[in-house]
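Chains A and B, in that order, are what the protein sequence lines are.
Residues in the first sequence are numbered from 1 upward in steps of one, following the UniProt record's numbering.
Residues in the second sequence are numbered from 1 upward in steps of one, following the UniProt record's numbering.
Here is the structure we will look at.
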Amino acid sequence: MDFTGTAIADALTRAAHRLVALRDRLNALDAAMGDGDSGLTAEKGATGLLEFLAANPPPADLGKWLAQAGMAYNRAAPSTMGALVATAFMRAGKEVQGKALLDAPDLARMLLAASQGIQERGKAQPGDKTILDALHPAAEAFSAAIAAGEGPEVAGQKALEAARRGRDAAIPLRSRVGRANWVGERTEGQPDPGTVLFVAALEAVLGAEPSEPGSTRA
Amino acid sequence: MKKILNDPKRFVDEMLEGLYAAHPGMLGYTGGDLRCLVRADAPVQGKVALATGGGSGHLPVFLGYVGRGMLDGCAIGDVFQSPSADQMLAVTRQIHGGKGVLYIYGNYGGDIMNFDMATEMASMEDIEVRTVLVKDDVASAPAERAETRRGVAGMVFAFKTAGAKADQGGSLDEVEAVAQRTLANTRTMGVALGPCILPTVGKPGFTLGEDEMELGMGIHGEPGVRRGKLETADQIAEQILATITADMPLNSGDRVAVMVNGLGATPLEELYILYRRVHQLLADQGVSIHRPFIGEFATSMEMPGASITLFKLDDELIPLLDHPAHTPFFRV
């Protein structure tokens, strides 16, 4: 099954709208551990992305277009998170440079490349209590499902389950990188805004119901 | 805060408006963004292009070295803030003359993140970009962690030699190698006698006592290696030279370029008093000074203080240092 540029643009549009709606929630989460502006940053970035998508319908080369979409996010919200989102788009785009149609293995490689890109640019690992704690397991679960012969819908559900579990497993951890690192133990017990952001975006892409942080924990 | 200003928020842009008005034949900007500065004749076809970038507040670093024989472009951020990846990419596109682009800039996290993103975007547009990071500040980390050192005034020597190599028609590999070798042979250390003030902040970020100095302080006020009573010019020169030569040993017969750089509020007279002792110390070791550079090359707003840079030369680097260069702030 192939995904057209229009399908990708629609999915990104849904994700961006979800991030805009998430502003106050993310701000509140971030206020507990950072400087309280991550919701505002996400809203600005997502708005920049929406403007880009409205002005730039997907061309024949989806790779370059995705990279430019990431840069639009960062331009609208220059910040570490903006740079990380842009990097994720850029690396994902590089995997499919020159392509007009994407198949499920393409999507798997894009997710893994996005995770790898954020690890490199942000000098962070899964377990550091960042967006990677949701993105990385999602990318691995999606790839494993595709490799096992599942279709993109089933793989997407497995990715979402992994992302939600990763988000929730990070709640008791202590932030080890970035600004939240400064407040150390105060981050323990708090959901990480990056993981919440990624899960919400993935839920929007897949058309799933929003979930509460902590909902997968027994 | 006491500064000659109109509006603190327009500090950078009004500085740039003045700069473009003063040097219309030499400098221009691309994409309608004053902060994407390029040589007026960019792109120079068939030449490796050099770019740098970083925060404002350090003139002549960074943009002051854009011109023939040195850099082709520079992305400019707010005071002490990185420019954006977009701005770096815009500069990169405008200066690319078909032989690739070399970025030379200081080892600071925000700059690296944005330059690396620009590099990735450029590669998707088939522009080859290489990076050489400047890490010349010996006071910012010990030798075993030299990879983490910050970049300061020594970057000017890399702009100079790599720019000359590119001007002479060198390939991207060759220009990159010259920049790396220059920086491998360049060490800097500074001393601050007081703080600087960011226009939008309006007050100093730290204070130093009336009778205090801080050895090794960074050009954004990063903590140095030792804070203590203000010492004499000779004692300062001796300590800085001892630290530099412990890190980069010099032998009798070696040739060096020396830079004595004012940080913004230090009179030239004081820089020459420092240079006097540097010259004596090097002469005592049998080291000859091929060329002294005394003045303001990399500043930190109105910070009082100075830095000393030694650049160990060889037969290949000397002609590159001496090759003509013509920029608004630097001429050979």
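Even glycine gets a Cβ: it sits at the ideal position worked out from N, Cα and C.
| Query | Result |
| --- | --- |
| Cβ separation of B:Leu263 and B:Ala306, assumed to be a contact under 8 Å, to the nearest whole Å | 6 Å |
| Any chain A beta carbon closer than 9 Å to B:Met155 | no |
| CB contact check: B:Leu34 to chain A, cutoff 9 Å | no |
| For B:Ala184, the nearest candidate out of B:Thr243, B:Glu125 and B:Asp247 (CA to CA) | B:Asp247 |
| Boundaries of the beta strand (DSSP E) in which A:Asp103 is found, first to last residue | Leu101 to Asp103 |
| Per-residue contacts from B:Glu120 into chain A (C-beta, under 7 Å) | Met90 |
| Burial state of B:Glu125, where buried means 16 or more other Cβ atoms lie within 10 Å | exposed |
| Ranges of the beta strand (DSSP E) found wholly within the region 41 to 111 of chain B, counting only runs of at least 3 | 49 to 56, 73 to 79 and 101 to 106 |
| A:Pro78 burial status per 10 Å Cβ neighbour count (16 or more: buried) | buried |
| Distance CB(B:Thr119)-CB(B:Ala158) smaller than 9 Å | no |
| Interface flag, B:Ser84 vs chain A, CB-CB below 9 Å | yes |
| Short Cβ contact (9 Å threshold) for B:Ile104 with B:Val134 | yes |
| Within-9 Å CB hit, B:Asn114 to chain A | yes |
| Cα-Cα separation between B:Arg149 and B:Gly218, rounded to whole angstroms | 10 Å |
| Proximity of B:Ala85 and B:Gly31 at Cβ, strictly below 9 Å | no |
| Cβ of A:Pro78 within 9 Å of any chain B Cβ | yes |
| Per-residue contacts from A:Gln97 into chain B (C-beta, under 9 Å) | Met124 |
| Any chain B beta carbon closer than 9 Å to A:Lys64 | yes |
| Among B:Leu274, B:Thr232 and B:Asp284, nearest to B:Gly253 - alpha-carbon criterion | B:Asp284 |
| Counted within 10 angstroms of its Cβ, other Cβ atoms place B:Lys2 as buried (16 or more) or exposed | exposed |
| Continuous alpha helix (DSSP H) stretch holding A:Arg14: start and end | Gly5 to Ala21 |
| Closer than 8 Å at the beta carbon, the chain A residues around B:Met117 | Met71, Asn74, Ala83, Ala86, Thr87, Met90 and Arg121 |
| Short CB-CB distance (under 9 Å) between A:Gly93 and chain B | yes |
| Short CB-CB distance (under 9 Å) between A:Ala42 and chain B | no |
| Opposing strand residues paired with B:Asp116 [DSSP bridges] | DSSP, once it has assigned bridges, lists no residue as partnering B:Asp116. |
| Contact list for A:Ala46 against chain B, beta-carbon separation under 9 Å | Those do not exist, as A:Ala46 stays about 18 Å from chain B at its closest Cβ, beyond 9 Å. |
| Separation of B:Leu34 from B:Gln94, as counted between CA atoms | 14 Å |
| is_contact[B:Leu313, chain A] using C-beta, thresh 9 Å | no |
| Inter-stretch contact at 8 Å, needing at least 3 Cβ pairs: the region 35 to 48 of chain A / the region 9 to 22 of chain B | no |
| Secondary structure of B:Thr186, DSSP reduced to three states | strand |
| 7 Å Cβ shell around B:Asp211 - same chain, five flanking residues per side excluded | Lys229 and Leu230 |
| Inter-residue spacing [alpha-carbon to alpha-carbon] between B:Ala51 and B:Gln87 | 12 Å |
| Whether B:Leu271 touches B:Val260 by CB criterion (9 Å) | yes |
| Cβ pair A:Thr216, A:Arg164 closer than 9 Å | yes |
| Residue span of the alpha helix (DSSP H) that contains B:Ile236, given as start and end | Ala233 to Asp247 |
| As assigned by DSSP and simplified to three states, the class of B:Leu37 | strand |
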